[in-house]
Amino acid sequence: MMASLEFDIDKGTILSRIDEVILSVLQQINDNKPPALSHFNRSTWLNVSYDENIGLCVNDAMKMTSVRFDSKQSIKKFTLMMKLLSMIYRLIQTGSFCTKRDLYYQDTTLFGNQTALDEALENVSCMIQVPRWRLHVLATSKGCIAGNLCFHDVDGNYVDCSQTKAGIQVPSHIEGLEHIQTDADFVLVVEKDAIFQRLLSEGFCERMRPCIVITGKGFPDMNTRMLLNRLWREFSPKFYILVDADPYGIEIMTVYKYGSRSLSFEAPMLTVPGLEWLGVLPSDIQRLRLKDDSLIDLKLSDRNKISDILARPYISKSQLLYKELNVLLDLGKKAEIESLDSISTSFLTDVYLPTKLKHGCS
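Quick note on numbering: the working numbering labels position 108 of the sequence shown as 108, and the sequence is numbered without any gaps.
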């Protein structure tokens, strides 16, 4: 059995949970004890298990982390979490929404930097077991989407993703999208914006329609992951991903498919378990006989990343991932999507993707 957040939770319950945290802190002070907050440790794999239907999930028997006011190591974190609880309480009470960036600029001196705020916010979400978007805090999107998808955004604007030459930015309020419509046969997730733009300029969506193409522009933001998850839950197209044949690209693929350790408590709304790894597979390097001058030698950091992925909970359930990581190690070289240009500049769009989509990923 695994712990999880409550995704369908009402405003009153969230406010009550914040009240309980504040009352607990006040009680500790009244008892002459240094106040402390606790949440599960998001930095250890010991707290995480793999569920084939969800991805990486938090165990019920989890190791907790204490954020104490009397500790030099955590007093700043304690202060940030208490400040955020106050700000979130006000947002929920008034029915307002704001971005993480907006919160940061309300007190830049206290937060210090955006990363500190982001970490504190995830810890608060984890502590009161409420997903971040239910706390009325939105993240700025960086992803782009194109193809056979229409919806009304939170402001009621009609958005047609087929009417774009450079992609439409993924909305910031995914839960607020209404009247989503798509007849796409498949969704193609692309690691890099440069490849995404290239596919659009070469008419990929028109040639392969009906389809959807989306990019998180590198490591994906939560909104891009949430949109993909929602499309996966509400519709039934195939989901494929195109990444570099290197440890970083493979890491990105695993985040989309399985989720991440740090956000494992939000996995049911962030993962796409049915996502298939279309390419570029490390075995494609040999199979396609990519030219050596288009390849890059693996660094020590690459080998360490591969070892890290091979030790994760889901590796025993994915023969393809296990095999391809070992192929990468044996080759000692990695390839970017652009390495396919060494065959032909039109090979990716004219041959590689159509063939893979027709005959399968391997």
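Idealized CB from N, CA, C, for every residue including glycine.
Item	Value
Alpha helix (DSSP H) segment containing Lys72, residue limits	It is not in any alpha helix (DSSP H) - Lys72 carries neither H nor E in the DSSP assignment.
Supposed close pair Pro171, Asn223 - CB separation, criterion 8 Å	7 Å
Status (buried if at least 16 other CB within 10 Å, exposed otherwise) for Met1	Low confidence applies here, because Met1 scores a pLDDT of 33, under 50, leaving its location unreliable and the question unanswered by this model.
DSSP three-state assignment for Tyr240, whether helix, strand or coil	strand
Proximity winner among Asp293, Leu200, Arg134 and Gly279, relative to Leu15 (alpha-carbon distances)	Arg134
With 16 other Cβ atoms within 10 Å as the buried cut-off, status of Leu46	exposed
CA-to-CA distance, Leu300 to Tyr322, given in whole angstroms	19 Å
Rounded separation between His173 and Met226 - CA only	10 Å
Sequence-distant residues of the same chain with beta carbon closer than 6 Å to Leu295, five excluded per side	Lys333 and Ala335
Cβ-based neighbour list, Val255, same chain, cut-off 8 Å, excluding 5 preceding and 5 following	Phe219, Pro220 and Arg225
3-residue-minimum beta strand (DSSP E) runs that sit fully inside the stretch 262-316, ordered along the chain	276-279
Minimum C-alpha distance to Val48 - residue among Met64, Glu206 and Glu276	Met64
Cβ distance (whole Å) where Ile128 is taken to contact Val21 below 8 Å	7 Å
Cβ contact check for the stretch 346-353 and the stretch 305-315: 3 or more pairs under 8 Å	no
First through last residue of the alpha helix (DSSP H) which encompasses His136	It is not in any alpha helix (DSSP H) - His136 carries neither H nor E in the DSSP assignment.
Where Asn223 sits in the DSSP three-state scheme	helix
Glu122 versus Ser264, Ile285, Ile92 and Asp330, residue with shortest Cα-Cα distance	Ser264
C-alpha distance - Asp292 paired with Leu188, whole-angstrom precision	28 Å
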